[in-house]
Amino acid sequence: MTKLLSTLEAQHRALERIVGEVDEALKAADAGLVADRVRRLRTTLEVHLALEKAQFYPAFESGKAHASTSVARMFSQNMALIAEGLTGFFTRYSQPPADLARFEREWRATVGVLSSRISAEEKTLHPMFEALQA
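Numbering-wise, the working numbering comes out as the position in the sequence shown, counting from 1, plus 240.
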(Lines of atoms letter the chains of each structure in order from A; the text may use other names.)
(Lines give C-alpha, C1' and ligand atoms only; values in the text may rest on other atoms or scores of the structure.)
Protein backbone atom coordinates (compact mmCIF):
# COMPACT_ATOMS: atom_id res chain seq x y z
CA MET A 241 0.00 0.00 0.00
CA THR A 242 1.32 3.43 -0.88
CA LYS A 243 2.07 6.02 1.75
CA LEU A 244 -0.77 8.20 0.46
CA LEU A 245 -3.31 5.38 0.78
CA SER A 246 -2.05 4.55 4.25
CA THR A 247 -2.52 8.18 5.26
CA LEU A 248 -5.99 8.38 3.73
CA GLU A 249 -7.10 5.17 5.43
CA ALA A 250 -5.67 6.35 8.76
CA GLN A 251 -7.73 9.49 8.32
CA HIS A 252 -10.80 7.33 7.64
CA ARG A 253 -10.20 5.50 10.93
CA ALA A 254 -9.83 8.86 12.72
CA LEU A 255 -13.15 10.01 11.25
CA GLU A 256 -14.78 6.79 12.42
CA ARG A 257 -13.37 7.28 15.94
CA ILE A 258 -14.75 10.82 16.09
CA VAL A 259 -18.14 9.54 14.92
CA GLY A 260 -18.03 7.20 17.92
CA GLU A 261 -17.18 10.13 20.18
CA VAL A 262 -20.17 12.09 18.86
CA ASP A 263 -22.34 9.03 19.50
CA GLU A 264 -21.08 8.85 23.08
CA ALA A 265 -21.71 12.57 23.65
CA LEU A 266 -25.19 12.13 22.21
CA LYS A 267 -25.84 9.14 24.45
CA ALA A 268 -24.80 11.30 27.43
CA ALA A 269 -27.14 14.07 26.18
CA ASP A 270 -24.23 16.52 26.39
CA ALA A 271 -25.03 19.14 23.74
CA GLY A 272 -21.80 21.06 24.37
CA LEU A 273 -19.68 17.96 23.89
CA VAL A 274 -21.70 17.05 20.79
CA ALA A 275 -20.89 20.43 19.24
CA ASP A 276 -17.21 20.08 20.19
CA ARG A 277 -16.96 16.63 18.59
CA VAL A 278 -18.84 17.78 15.48
CA ARG A 279 -16.30 20.62 15.12
CA ARG A 280 -13.46 18.06 15.42
CA LEU A 281 -15.13 15.89 12.80
CA ARG A 282 -15.42 18.85 10.47
CA THR A 283 -11.76 19.80 10.86
CA THR A 284 -10.57 16.22 10.36
CA LEU A 285 -12.79 15.78 7.31
CA GLU A 286 -11.62 19.07 5.77
CA VAL A 287 -7.98 17.98 6.11
CA HIS A 288 -8.83 14.63 4.54
CA LEU A 289 -10.73 16.18 1.63
CA ALA A 290 -7.90 18.63 0.97
CA LEU A 291 -5.41 15.75 0.74
CA GLU A 292 -7.66 13.85 -1.64
CA LYS A 293 -8.12 16.92 -3.81
CA ALA A 294 -4.43 17.82 -3.86
CA GLN A 295 -2.86 14.38 -4.29
CA PHE A 296 -5.29 11.49 -4.68
CA TYR A 297 -7.61 12.56 -7.49
CA PRO A 298 -4.87 14.23 -9.57
CA ALA A 299 -3.01 10.91 -9.63
CA PHE A 300 -5.91 9.40 -11.56
CA GLU A 301 -5.84 12.20 -14.11
CA SER A 302 -2.20 11.48 -14.86
CA GLY A 303 -2.83 7.73 -15.10
CA LYS A 304 -3.16 5.79 -18.32
CA ALA A 305 -6.32 3.84 -17.46
CA HIS A 306 -9.28 5.77 -18.87
CA ALA A 307 -11.85 3.69 -16.96
CA SER A 308 -10.12 4.42 -13.67
CA THR A 309 -9.97 8.11 -14.50
CA SER A 310 -13.72 8.15 -15.24
CA VAL A 311 -14.58 6.35 -12.00
CA ALA A 312 -12.33 8.67 -10.00
CA ARG A 313 -13.92 11.70 -11.62
CA MET A 314 -17.39 10.37 -10.73
CA PHE A 315 -16.28 9.81 -7.11
CA SER A 316 -14.78 13.29 -6.97
CA GLN A 317 -17.96 14.93 -8.29
CA ASN A 318 -20.07 12.87 -5.90
CA MET A 319 -17.86 13.93 -2.99
CA ALA A 320 -18.39 17.57 -3.92
CA LEU A 321 -22.15 17.04 -3.53
CA ILE A 322 -21.70 15.16 -0.26
CA ALA A 323 -19.41 17.93 1.00
CA GLU A 324 -22.13 20.52 0.34
CA GLY A 325 -24.55 18.60 2.54
CA LEU A 326 -21.91 18.08 5.22
CA THR A 327 -21.05 21.78 5.22
CA GLY A 328 -24.69 22.61 5.92
CA PHE A 329 -24.82 20.05 8.70
CA PHE A 330 -21.59 21.33 10.26
CA THR A 331 -22.82 24.91 10.05
CA ARG A 332 -26.13 24.05 11.72
CA TYR A 333 -24.40 22.24 14.55
CA SER A 334 -21.30 24.37 15.13
CA GLN A 335 -23.04 25.45 18.33
CA PRO A 336 -24.58 23.05 20.86
CA PRO A 337 -27.84 21.72 19.42
CA ALA A 338 -30.94 22.94 21.23
CA ASP A 339 -32.91 19.91 20.05
CA LEU A 340 -30.87 16.74 20.52
CA ALA A 341 -33.61 14.54 19.01
CA ARG A 342 -33.55 16.55 15.79
CA PHE A 343 -29.75 16.50 15.80
CA GLU A 344 -29.77 12.73 16.24
CA ARG A 345 -32.03 12.21 13.21
CA GLU A 346 -29.76 14.34 11.04
CA TRP A 347 -26.68 12.77 12.60
CA ARG A 348 -27.78 9.23 11.74
CA ALA A 349 -28.37 10.23 8.10
CA THR A 350 -25.02 12.03 7.95
CA VAL A 351 -23.13 9.10 9.44
CA GLY A 352 -24.80 6.77 6.97
CA VAL A 353 -23.60 8.84 4.03
CA LEU A 354 -20.10 9.21 5.45
CA SER A 355 -19.76 5.51 6.27
CA SER A 356 -20.98 4.47 2.83
CA ARG A 357 -18.55 6.85 1.18
CA ILE A 358 -15.57 5.58 3.17
CA SER A 359 -16.48 2.00 2.36
CA ALA A 360 -16.90 2.74 -1.36
CA GLU A 361 -13.57 4.54 -1.55
CA GLU A 362 -11.70 1.73 0.16
CA LYS A 363 -13.36 -1.02 -1.89
CA THR A 364 -13.28 0.69 -5.28
CA LEU A 365 -10.97 3.68 -5.58
CA HIS A 366 -8.09 2.58 -3.38
CA PRO A 367 -7.46 -0.67 -5.31
CA MET A 368 -7.66 1.29 -8.58
CA PHE A 369 -5.13 3.77 -7.22
CA GLU A 370 -2.76 0.97 -6.25
CA ALA A 371 -3.05 -0.55 -9.73
CA LEU A 372 -2.18 2.80 -11.31
CA GLN A 373 0.88 3.14 -9.07
CA ALA A 374 2.20 -0.34 -9.95
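We put the beta carbon where it would ideally sit given N, CA and C, even for glycine. None of these values were measured; they are calculated from a predicted model.
query	result
Sufficient close CB pairs (3 or more, under 8 Å) joining the region 287-296 to the region 333-343	no
From 249, 299 and 265, residue whose alpha carbon lies closest to that of residue 312	299
Buried versus exposed, by CB contacts within 10 Å (16 or more), residue 274	buried
Close beta carbons around residue 244, own chain, < 7 Å, minus the five adjacent residues each side	295 and 296
Unbroken stretches of the alpha helix (DSSP H), 4 residues or longer, contained in the region 265-314	271-291 and 297-301
Residue 248 versus residue 279: straight-line alpha-carbon distance, rounded	20 Å
contact_flag[the region 314-321, the region 265-274] where n(CB pairs < 8 Å) is 3 or more	no
Distance, residue 345 Cα to residue 283 Cα	22 Å
Residue 327 burial status per 10 Å Cβ neighbour count (16 or more: buried)	exposed
Residue from 292, 293 and 254 with nearest C-alpha to residue 277	254
Beta-carbon proximity of residue 370 to residue 252, cut-off 9 Å	no
Residue range of the alpha helix (DSSP H) that includes residue 373	366-373
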